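Notes for the one structure printed next.
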Amino acid sequence: SRLTPGPSEQAPVSRTMRMVRVLLWALLMSLLAVVTNGVQPQQTLSPDSSDLGVSRGQILTAQFECYLKILNDPPYSGSDPYCNRTWDGWLCWGDYHPGTAMQHCPEYFQDFDPSEKVMKVCNQDGQWFRHPESNRTWTNYTLCSAYTEIKLKTAYHLYYMAITGHCLSVVSLLISLFIFFYFKSLSCQRISLHKNLFLSFILNSILTMISLSVASNQEIVASNPEQAGCKVLQFLNLYTTGSSYFWMLCEGIYLHTLIIVAVFVEEQQLRWYYILGWVFPLVPTTIHAVARLNFFNDKCWISSNTSLLYIIHGPIHAALVVNLFFLLNIMRVLITKLKVTHSAESSTYMKAVRATLILVPLLGIQFVLVPWTPEGRSAQMVYEYITHILMHYQGFMVATIFCFCNGEVQAALKRKWMQYRMQCNGRLMTTDSHSNYHTNSSITDMSRVTVGPPPSFPNTAPHERQGGKSNGTAN
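FYI, the numbering for the sequence shown is -38 to -1, 1 to 437, going by mature numbering (1 follows the signal peptide of the UniProt record, and there is no 0).
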């Protein structure tokens, strides 16, 4: 537990005296902060208190604002016993009826989780609870750091899961792009859209891995006081993120037009898709960068505690909602056709319905289906793992479904493999025929030598010509 003695919690006699005390106390604390580089509240901290990274300026600011709030808020009007408003050394507490007051943990320390709750008990007699050991008013901050180690391990697991997912995505998407560019028989507008979508995934995965590596390395961040490099990196990362979502929207528009409008007079104009996928995401990203520089210029622009992120997330969510509408409309059309067709064609349309469900990762619909965080620590942890798999492995899933499992791609690969085997067999047959030709030529030459006239030997002794045996008479 952590003891928080803080200043005295007795109400001053008069409003003027309270104002004087507040001003004198604030002035004294400010002078002490300047002269001695700040004074930490007298807390009984954990053994790692030297590493907590207390933000003295934040505490002093919160303390001053708390005293102003104590002075300016109207007095308690109830007749029942209540606990007086107070500053406990870290947080400000208003007038409270008997029971347990709660608020979120402060962000002063690195091992504090702001999502957890701080508790302060108001007794039935209208007095704040006092710790039995110190006999001082006490606030329960134990939950703020109770699960920090577990959450830190989970964060590391999610980090390595994200890096692994993006690596798999980059490799699989590069292989898919090679296949699409190598086999000219696969060239069509649909594959052209796939190429651009895959390229946006590759760029986003590479920049995301770099951003995660830079954000987790405090030495790199500290070595660049202006953080210009990491801000540019964050700008590019946000741009490629938006580009990937808008290329998903391009896929949805194309498929919706292709299925709803059954017959085309001519092919669709892809230049509008290129503008929507590559050019339009620059608009919200640039607006966000300008707004961030002027209104929330934090370190490397990695903080999510700002509403400026809606400049990026708003268009992305709109694109996902439109894609969800496209998916539902495609499902409606296919199911309608399924009802009016003969039973012999039912299996074909059922395959089409299943194929439509496969479009979910292509269109990013999974991010619309799971937008809300569940309650409970275990449920939130499961939710984090599921969302990380859907987010960071999306490129790998899309490459697997729409390239490696694509029938046209598999047919092209099989044809190439058969051609390669035939070429290998042809070279082998050519080599064998050359070998047979040389062998037959050698046999023919040997036959000619064998059936020809016997060679004439010089006059030698019979035993020298026949190994010591006479085969005839001498002339």
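Heads up, the beta-carbon is just placed ideally off N, CA and C, and yes, glycines get one too. Since the model is a prediction, treat every value here as computed from it, not as a measurement.
Rank the options by C-alpha distance to the C-alpha of residue i and give the top, closest one.
i, options, result
"residue 211", "283, 44 and 263", "283"
"residue 119", "237, 367 and 347", "347"
"residue 232", "150, 75 and 362", "150"
"residue 103", "84, 126, 76 and 117", "76"
"residue 32", "134, 20, 54 and 159", "54"
"residue 133", "113, 168, 117 and 154", "168"
"residue 349", "362, 366 and 327", "327"
"residue 62", "37, 257 and 79", "79"
"residue 91", "240, 69, 59 and 117", "59"
"residue 287", "73, 219 and 25", "219"
"residue 160", "361, 370, 367 and 40", "361"
"residue 230", "343, 215 and 241", "215"
"residue 74", "48, 345 and 114", "114"
"residue 153", "66, 217, 289 and 197", "217"
"residue 278", "267, 289 and 205", "205"
"residue 240", "267, 199, 252 and 209", "209"
"residue 70", "84, 375, 109 and 23", "23"
"residue 107", "125, 67 and 190", "67"
"residue 191", "42, 21 and 172", "172"
"residue 260", "42, 125, 189 and 84", "189"
"residue 42", "26, 25 and 85", "85"
"residue 291", "268, 339, 223 and 335", "223"
"residue 105", "370, 339, 26 and 213", "339"
"residue 197", "234, 213 and 253", "253"
"residue 276", "200, 72 and 382", "200"
For residue i, count neighbouring C-beta atoms within 10 Å of its own C-beta (all shown protein chains included) and say buried if the count is 16 or more, exposed if not.
i, result
"residue 320", "exposed"
"residue 96", "exposed"
"residue 337", "exposed"
"residue 384", "exposed"
"residue 207", "buried"
"residue 329", "buried"
"residue 64", "exposed"
"residue 379", "exposed"
"residue 82", "buried"
"residue 146", "exposed"
"residue 341", "exposed"
"residue 176", "buried"
"residue 50", "buried"
"residue 389", "exposed"
"residue 144", "exposed"
"residue 255", "exposed"
"residue 323", "buried"
"residue 367", "exposed"
"residue 251", "buried"
"residue 298", "exposed"
"residue 34", "exposed"
"residue -31", "For residue -31, the predicted structure reports a pLDDT of 37, less than 50, and the residue's modelled location is therefore unreliable. A value from the coordinates is still provided. So residue -31 ends up on the exposed side."
"residue 25", "buried"
"residue 112", "exposed"
For residue i, write down the residues that DSSP places opposite it in a beta bridge.
i, result
"residue 58", "45"
"residue 92", "99"
"residue 64", "81"
Could you check whether residue j and residue i sit closer than 9 Å to each other, using their CB atoms as the reference points?
i, j, result
"residue 44", "residue 88", "yes"
"residue 142", "residue 148", "yes"
"residue 364", "residue 131", "no"
"residue 257", "residue 270", "yes"
"residue 273", "residue 246", "yes"
"residue 351", "residue 123", "yes"
"residue 121", "residue 155", "no"
"residue 195", "residue 129", "no"
"residue 358", "residue 135", "yes"
"residue 296", "residue 221", "yes"
"residue 285", "residue 236", "no"
"residue 47", "residue 56", "yes"
"residue 354", "residue 99", "no"
"residue 116", "residue 343", "yes"
"residue 515", "residue 202", "As displayed, the chain neither begins before -38 nor continues past 437, which places residue 515 out of reach and without an answer."
"residue 101", "residue 52", "yes"
Looking at the C-beta of residue i, does it have a partner C-beta in chain D at a distance below 9 Å?
i, result
"residue 82", "Structure shown: chain D not included; a single protein chain is present."
Identify every run of the alpha helix (DSSP H) within the region 163 to 223, keeping only runs that are complete inside it and at least 4 residues long; order them along the chain. 180 to 184 and 190 to 222
Give the list of continuous alpha helix (DSSP H) stretches no shorter than 4 residues that lie fully inside the region 233 to 288. 233 to 236 and 244 to 257
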